[in-house]
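Protein chains in written order, with the working numbering: chain A, 6 to 246; chain B, 2 to 353. Where a beta carbon is used, it is the ideal one built from N, C-alpha and C, also for glycine. To start, the structure under review is shown below, and the notes come after it.
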Amino acid sequence: MSTPQPSKTFSTISKEGLWDNNPALVQLLGLCPLLAVTGTVVNALGLALATMIVLVGSNMAVSLVRNFVPDAVRLPAFVMIIASYVTCTELLMQAYTYELYTVLGIFIPLIVTNCVILGRAEAFAAKNPIIPSMVDGLMMSLGFAMVLILLGALREIIGQGTLFADMELLFGEQAVSWQLNLMEDYPNFLFAILPPGAFVGLGLLIAAKNALDQRLKTRKQGPMPEVSGGSKRVRVTGKIS
Amino acid sequence: MKLPNISSPHATRPGNTGTVMLTVLLALVPGIITLSYFFGPGHLIQICLASATAVGCEALILHLRKKPLGFYLKDYSALLTAVLLAISLPPYAPYWVTMVATLFAIIVAKHLYGGLGQNPFNPAMVGFALVLVSFPVEMTTSWSAPSALLENGIGFSQAVTLIFSSRETLDAVTMATPLDLYKHQVAIATAHEIYQDPIFHGPHHEASIALGWQWVNLAFLLGGVFLWWKKIFTWHVPVSLLLALSLLSIFIGWDSDSYVPISLHLFAGATMLGAFFIATDPVTAATTPLGKLIYGAGIGVLIYLIRTWGSYPDAVAFAVLLMNFCAPLIDQYSQPRTYGHQKAVRGLAKKD
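This is the structure:
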């Protein structure tokens, strides 16, 4: 199973997880929780933390057992590991942040089926030693968390006109005063709070990332040569280079 | 002498997008006049507001996309989108509802997909659906009562106040639409009892279908027939739409004590506007003759289903959007037979 290959440096792993191979913006994995619970920053943050615990833990465990699990049964084994971590996380949230646990509801147990986690276990942790695997899990979940929180903030601002509402669910009593009301008498913009708004928001974020990448690339390479006019036939599918 | 070799199709008159859009705008005029006559000046204000927003926004986006401004603004498509949207919105919806709907229609539904001709969904209906989902209160309580039922009618300045600043006098001049009223009353009352409401027959019990709405729908029907006569669209979509809606309301809703009757389905909502001006949008509709029939019938069926068993009072926007989804697939499977071929190629060509 573990084919010996030069393992990536930590900076490459970090760059991949946070930007180049961001689970939410590039791999488009784990969209179900991403779209369902990013109505407010606090929900997004709660889910991001839960995912982070599971992802780092499962990557570590999978990396530890990678040489002992036969190929044929590796997926059930990985899922068992992930499910155990999710159960731990769920119990922890039930104990320490009960209100948030009730708000997030079914989406905590559903982390088991989050493709980011199984995807990283299969694609990275099953082939790499323990420390790089943990770093990969951490960076992937940070990249995921970044998008979750950004989308949560966008939807909260547009949907309810507030920011950091209900943060006491996660940080206790002193967080009650963190709520920012950006506008008085803001009419709730239901579209942003409902899942369709999350799709549009995610689409805009992906577009922004691609535009930024494009701009960085042009700056590095210099401007693209002008495309000549006329009716020359070009390939319209795939990448035109 | 060498004759020029011109292949078909042979255009008989010069035409461009701008002329088509202007013709459609012209055909909307009788409808707009009847709307304003029966329901006060709300729609006129909304049309001005939406048009200004749409044209300004279109110019801004064209500038951002580095497209020639004059060329694209002169196709009047943004203006038509704005006018259709403003007619569909409740006349006394607050100004920000109209502006949000227009901005979303132009920016997201039209330009993010690549501009006119590339949009898979009817922009005006996308804007309408967005605000209907987002602001249910404003969108259901802002329908104007017919002016004939108001003691003093509604003045221009009062309409401006309602839309732009204070909404205190809103309850005095608004009313549920006939479709909405009938749908909710039919559960607890007979048709005869419901028809006692002055919204159907006016203060003096004239013989009519729904006060004001019938004339508005007739005016849109007139405009639609004018467009068909000018060959802006073919008969397929409106006819199959109205036929499907009528058949369903005859066969399912024959009992007017338990379902909304066919007269209200056809003449008391947005049916005629939808059938002739919205479903026939050449960009988002199906294009083959058979495809147009299927597309129109689909919209008719969906309008009936959503109006009867859905929670929204009218359904044209959702029905059109849902069928817009299907239009490309319908086109794939309804290709006509090409001249010289035995059979039409439908669906994906076989690889053999």
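Item, Value
"With 9 Å as the C-beta to C-beta threshold (strictly closer), list the residues of the segment 174–197 of chain A near chain B in chain order.", "192, 193, 194, 195, 196 and 197"
"Give the straight-line distance between the Cα atoms of residue 54 (chain B) and residue 191 (chain A), rounded to the nearest whole angstrom.", "21 Å"
"Okay, do the segment 73–90 of chain B and the segment 18–30 of chain B touch, 3+ Cβ pairs below 8 Å being the bar?", "yes"
"Could you give the uninterrupted runs of the alpha helix (DSSP H) lying entirely in the segment 4–48 of chain B, keeping only those of 4 residues or more?", "18–40"
"Verify the contact flag: residue 41 (chain B), CB atom, against every heavy atom of the ligand FAD, threshold strictly below 7 Å.", "With respect to the ligand FAD, the structure shown offers nothing to examine, as it has no ligands at all."
"Shortest alpha-carbon distance to residue 242 (chain B) belongs to which of B:255, B:296 and B:265?", "B:296"
"Examine the Cβ distances between the segment 84–96 of chain A and the segment 112–124 of chain A and report whether three or more of them are shorter than 8 Å.", "yes"
"If contact means a Cβ-Cβ distance below 8 Å, which residues of the segment 27–52 of chain A contact chain B?", "none"
"Less than 6 Å between C-beta atoms, sequence neighbours within five positions excluded: which residues of the same chain meet that for residue 218 (chain B)?", "268 and 273"
"Among residues of its own chain, excluding the 5 on either side of residue 25 (chain B), which ones have a beta-carbon nearer than 8 Å to its beta-carbon?", "81, 228, 233 and 278"
"Cβ of residue 72 (chain B) less than 8 Å from any chain A Cβ?", "no"
"Tell me, please, whether the CB atom of residue 333 (chain B) is closer than 8 Å to any CB atom in chain A?", "no"
"Going by DSSP, what residues sit across from residue 167 (chain A) in a beta bridge?", "A:186"
"Between residue 136 (chain B) and chain A, is the shortest Cβ-Cβ distance under 8 Å, so that the two count as touching?", "yes"
"If you reduce the DSSP assignment to three classes, tell me which class residue 175 (chain B) lands in.", "strand"
"Spell out the partners DSSP gives residue 354 (chain B) in its beta bridges.", "One cannot answer for residue 354 (chain B) here, as it falls past the ends of chain B, which runs 2 to 353."
"Which of helix, strand or coil does DSSP assign to residue 156 (chain B)?", "coil"
"How many whole angstroms separate the CB atoms of residue 107 (chain B) and residue 62 (chain B), which I take to be in contact at a CB cut-off of 8 Å?", "7 Å"
"How big is the Cα-Cα spacing for residue 215 (chain A) and residue 144 (chain B)?", "43 Å"
"Considering only their Cβ atoms, is the gap separating residue 313 (chain B) from residue 250 (chain B) smaller than 8 Å?", "no"
"Given this structure, state the Cα-to-Cα distance separating residue 78 (chain A) from residue 133 (chain A), to the nearest angstrom.", "18 Å"
"Can you tell me whether DSSP reads residue 24 (chain A) as helix, strand or coil?", "helix"
"Which same chain residues, not among the five before or five after residue 41 (chain A), have their C-beta less than 8 Å away from its C-beta?", "112, 200 and 203"
"Is the beta carbon of residue 154 (chain A) closer than 8 Å to that of residue 59 (chain A)?", "no"
"If you draw a straight line from the C-alpha of residue 24 (chain A) to the C-alpha of residue 148 (chain A), how long is it?", "7 Å"
"Against chain B, does residue 199 (chain A) count as a neighbour if the rule is that its beta carbon must be under 8 Å from one of theirs?", "yes"
"So with Cβ pairs under 8 Å, would you call residue 86 (chain B) a contact of chain A?", "no"
"Does DSSP put residue 220 (chain A) in a helix, in a strand, or in coil?", "helix"
"Please tell me whether residue 131 (chain B) has its Cβ less than 8 Å away from any Cβ of chain A.", "yes"
"Can you check whether the CB of residue 67 (chain A) is closer than 8 Å to the CB of residue 86 (chain A)?", "yes"
"For residue 8 (chain A), count the other beta carbons within 10 Å of its own beta carbon; 16 or more makes it buried, fewer makes it exposed. Which is it?", "Summary for residue 8 (chain A): the model assigns pLDDT 48, below 50, so the residue's position carries little reliability, and this model does not support an answer."
"So, are the CB atoms of residue 152 (chain A) and residue 30 (chain A) less than 8 Å apart?", "yes"
"Report the rounded CA-to-CA distance for residue 39 (chain A) versus residue 51 (chain A), giving the unit in angstroms.", "12 Å"
"Among residues of its own chain, excluding the 5 on either side of residue 102 (chain B), which ones have a beta-carbon nearer than 7 Å to its beta-carbon?", "86, 90, 128, 129, 131 and 132"
"Applying the 10 Å Cβ sphere with the 16-neighbour rule, what's the burial state of residue 321 (chain B)?", "buried"
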